[in-house]
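Right, one structure below, let's go through it.
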Amino acid sequence: MQTYLNVSHEHHDRLHAIVNQLNEIADCSNSDCLDPSRLMAARPAIEEIYVGLTTLLIPHMEAVEAAVYPTLERLLAGRETVVPMRQEHAEIRRLTTNIGHFVEHPERHIDRCCVLLMRRTLLRLYAILKAHLAEEELYVPILEGRLTEEQAADLAHALDHVVTGTC
Numbered sequence: 340m341q342t343y344l345n346v347s348h349e350h351h352d353r354l355h356a357i358v359n360q361l362n363e364i365a366d367c368s369n370s371d372c373l374d375p376s377r378l379m380a381a382r383p384a385i386e387e388i389y390v391g392l393t394t395l396l397i398p399h400m401e402a403v404e405a406a407v408y409p410t411l412e413r414l415l416a417g418r419e420t421v422v423p424m425r426q427e428h429a430e431i432r433r434l435t436t437n438i439g440h441f442v443e444h445p446e447r448h449i450d451r452c453c454v455l456l457m458r459r460t461l462l463r464l465y466a467i468l469k470a471h472l473a474e475e476e477l478y479v480p481i482l483e484g485r486l487t488e489e490q491a492a493d494l495a496h497a498l499d500h501v502v503t504g505t506c
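Residue numbering for the sequence shown follows the numbering used here, starting at 340 and increasing by one per position.
So, in structure tokens, the structure goes:
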């Protein structure tokens, strides 16, 4: 059986790979950042990221919101610790939707303004996720030190089924 610590690290390792891709695609070293042909050439990589966001990140966020955040709120009562994390989840969803619009309708994103918007979306998502994942890592020891073995196993199962696809 997976432990909460192992499942959390496994998820974050997979998510960090997506985060790093966001930064690589948005990077404009030695090129014109606003060149629409550059964005169109990156479309397959952006679509791959979008698939990762919608099949791994969003389900991970839903599992965290359903299992981990209520547990943290109970353990850290009255501190509203997870409010900023929930707000970041909302922003991550919004930015993912923007990426989805590009993936589904690339022909609508062929001018320099749309290219700039996509670059900003990728960079903003990169920045939010980089910080957000680091913040989530800070909660792991808090949970590990205050949960019973059964509670920790329940959290691990809640997150693990997202990766394995089991219930």
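We put the beta carbon where it would ideally sit given N, CA and C, even for glycine.
Check your understanding: In or out: T436 buried (at least 16 other Cβ within 10 Å) or exposed?
Key -> exposed
Review point. For M400 versus I438, is the C-beta distance shorter than 8 Å?
Key: no
Practice item. Using beta-carbon positions only, say whether L411 and L477 come within less than 8 Å of one another. Key: no
Exercise for review: Pick helix, strand or coil for A380, following the three-state DSSP scheme.
Suggested key: helix
Practice item. In the DSSP assignment, find the unbroken alpha helix (DSSP H) run with D352 in it and report its ends. Key: Y343 to A365
Exercise for review: Over the uninterrupted alpha helix (DSSP H) stretch that includes E476, give me the two end residues.
Suggested key: R451 to R485
Point to revise | Contact check, I449 vs P375, beta carbons under 8 Å | key: yes
Check your understanding: Does the separation of the CB atoms of Q360 and A384 fall below 8 Å?
Key -> yes
Practice item. Apply the 10 Å Cβ neighbour rule to T460 and answer buried if 16 or more other Cβ atoms are within range, or exposed otherwise. Key: buried
Exercise for review: Give me the Cα-Cα distance between R425 and E404, rounded to the nearest whole angstrom.
Suggested key: 8 Å
Check your understanding: Relative to the C-alpha of T394, which residue among L354, R377, P409 and L378 is closest?
Key -> L354
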